[in-house]
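Take any residue in the sequence shown, note its place counting from 1, add 1000, and you have its number in our numbering.
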Amino acid sequence: MVNVNFVAADGKTWTVEADEGMSVMKIAMKNNIPGIVADCGGEMSCATCHIYIPELWLDQVGCASRDEVDMLEMAIDPQDNSRLSCQVIVDDSLDGLTVEIPATQF
């Protein structure tokens, strides 16, 4: 099990436990974390699971694929640290991961 911290744009936080191998999107959906819409269900075709990865975690999380970067162009206010939560898979190296949820996905 790994712990994942979600931080909303208004500062509200949630810490949840998750199984290794789950995507951050599925973790958010399973735990009813608001702000992760995931219209496509994790098929990387909508950008409504957009998150920001704090600088501290960028190296551990890794880079987005070219396809993910292309999809992030559709996200609201993409930044250099943007990722699609459906593409971030947790393992023990990400125990304690913090992700920031944008104010809106639309």
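Every residue gets a Cβ at the ideal spot worked out from N, C-alpha and C, and that includes glycine.
These figures come from a predicted structure and were not determined experimentally.
Among the options, nearest to residue i - alpha-carbon criterion
i            : options                : result
residue 1025 : 1093, 1105, 1066, 1089 : 1089
residue 1009 : 1064, 1036, 1057, 1086 : 1036
For residue i, three-class secondary structure by DSSP
i            : result
residue 1138 : It is not possible to answer for residue 1138, since the shown part of the chain is limited to 1001 through 1106.
residue 1028 : helix
residue 1045 : coil
Expected contact under 8 Å - CB spacing of residue i and residue j to nearest Å
i            : j            : result
residue 1092 : residue 1002 : 6 Å
residue 1052 : residue 1099 : 7 Å
residue 1082 : residue 1072 : 5 Å
residue 1038 : residue 1029 : 6 Å
* Asked: Where in the stretch 1053-1079 do unbroken runs of the alpha helix (DSSP H), each at least 4 residues long, occur, reported from the N-terminal end onward?
  -> As far as the stretch 1053-1079 is concerned, its whole alpha helix (DSSP H) runs of at least 4 residues are 1058-1061, 1066-1072.
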